[in-house]
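In what follows, a single structure is set out as structure tokens and then discussed.
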Amino acid sequence: MTPEEILARPAKALTQAQREHYFEYGYLGAPALIGADWLARLNECTARYVEESRHASGDGRFDLEPDHRPDAPRIRRLNSPVDADELYWEFASTGPFVDVAEDLLGPNLKFHHSKLNFKWSGGGEEVKWHQDIQFWPHTNYDVLTIGVYLEDVDDRMAPMGVIPKSHQGPLYDLYDHDRNWTGNIREEDVPRIDAASAGYIAGPAGTVTVHNCRSIHGSPPNWSDRPRPLLLCAYAAADAIAITNLVSRAPHGNEMVRGEPARWARFDPRPCLMPPDWSRQGYKSIFQHQQREAAR
């Protein structure tokens, strides 16, 4: 569907101004959109996984900072939370995220994947400027990621920043000159992206972030004294077909969450960089790639 066709449909979760902002700028922030009941349930569930992480050496569910310790946990990411716990899947498949996705993608949409990034206090790691779609290409770019801050996030806590209108610009090479995947835009290309124009999305607990798969985004280290947990779920229009098999073995990868499956794939003529074949070399998180860490 075109943006005009989508905007002509009644909104379910967002205001019309928020929808228009997304299509023009490639991202939006919706303060306190997720209600207290969902937040309480998600935070209770998340606290259990923080406790489990204390003794999670070698546990593939967790991406841990190198100085993580049982008495001082430092989690970068809970990998695929919808597969770890049914509550996260309930939220991702029946909760308000699905209404937000429909407001921006149209009535037929599918879930792609999820992650819970913690951005731990006292220096939780930078996420360098990057675009998402090169990690998991689709046949078109009606793919987006929706996030919710589980705690209040202010400007000191490294909120996510997005470069306005970058979804309308070029896709960048996320390999270095030796053809090693780095997962970030090359330093020599950073002056081209106008990083000074970035909009940083902060807000109270329950604030929703949305960014298009082509939008350039990132966040600095979190030097505050509080973690910044951000639950993220990616959704695609039904006719945006995944090109790689990244989520093909995931229980909910490419699962329809609203409407009907597409009978025809839709192809955008703009090309997309292909990622490495992770089925051969093993997938590492964006943190491990950007920090040049070996897989753990």
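Numbering follows my numbering, in which position 224 of the sequence shown is assigned residue number 235; successive positions increment by one, without gaps. All C-beta atoms, glycine included, are put in the ideal place defined by N, C-alpha and C.
Under three-state DSSP, which class holds residue i?
i	result
A249	coil
S177	helix
S125	strand
R307	With a pLDDT of 43 at R307, under the threshold of 50, the modelled position of this residue cannot be trusted; read the value that follows with caution. The answer is coil: DSSP assigns R307 none of H, G, I, E or B.
V219	strand
T57	helix
A41	strand
M168	helix
I17	helix
S290	helix
Y33	helix
R190	coil
R239	coil
R203	helix
S230	strand
L50	helix
L120	strand
C244	strand
Assign residue i to buried or exposed, taking buried as 16 or more other Cβ atoms, counted over all protein chains shown, within 10 Å of its Cβ.
i	result
M313	No statement about residue 313 is possible, as the shown extent of the chain runs from 12 to 307 and does not include it.
M285	exposed
N233	buried
A248	buried
G133	exposed
R274	exposed
H188	exposed
Q7	Residue 7 lies beyond the stretch modelled for the chain, which goes from 12 to 307, so this question has no answer here.
N128	buried
F278	exposed
Q27	exposed
A47	exposed
D153	buried
S290	exposed
A213	buried
R281	exposed
Q145	buried
A209	buried
Residue range of the alpha helix (DSSP H) that residue i falls in?
i	result
D279	Note, D279: premise wrong, no alpha helix (DSSP H); not H, not E.
Between residue i and the rest of its own chain, which residues show a CB-CB distance below 8 Å, the 5 nearest in sequence each way excluded?
i	result
L161	L50, L53, N54, T57, A216, P240, L241, L242
G71	N90
K176	E35, Y36, G37
L120	V109, A112, E113, Y246, A247, A248, A249, M267, V268, R269, G270
R203	none
Within its chain, find whatever has a CB closer than 7 Å to the CB of residue i; leave out the 5 residues flanking it on each side and keep chain order.
i	result
K23	D110, E113, D114
I252	H149, T150, A276
H143	The sequence shown places Asp at residue 143, not His. Taken in chain order, the residues that qualify are T156, C224.
I45	P107, V159, G217, V219
R307	Here the model assigns R307 a pLDDT of 43, short of 50, so the residue's position is not dependable, and the following value carries that caveat. If we look at R307 and ignore the five residues flanking it on each side, it has no Cβ neighbours.
P81	R65, H66
S125	S91, P92, V93, Y99, A103, L243, C244
H222	G37, Y38, L155, T156, V173, H228
P231	E137, A169
Go through its chain and collect everything with a Cβ distance to residue i's Cβ below 6 Å, but skip five positions before and after it.
i	result
R20	none
I17	G117
S64	F73, P84, I86
A67	F73
R257	At residue 257 the sequence reads Leu, which differs from the Arg that was named. Excluding sequence neighbours, L257 sits near W147.
P238	F129, W131, S132
Which residue comes first and which comes last in the beta strand (DSSP E) that contains residue i?
i	result
I212	210-212
I254	Run containing I254: none; DSSP gives neither H nor E here.
K139	138-141
G158	154-160
M267	267-269
Are the C-beta of residue i and some C-beta of chain B separated by less than 9 Å?
i	result
L39	Absent from the structure: chain B. Only one protein chain is present.
Worksheet entry | Start-end ranges of the alpha helix (DSSP H) lying completely within the region 76-114, minimum 4 residues | 92-95, 97-105
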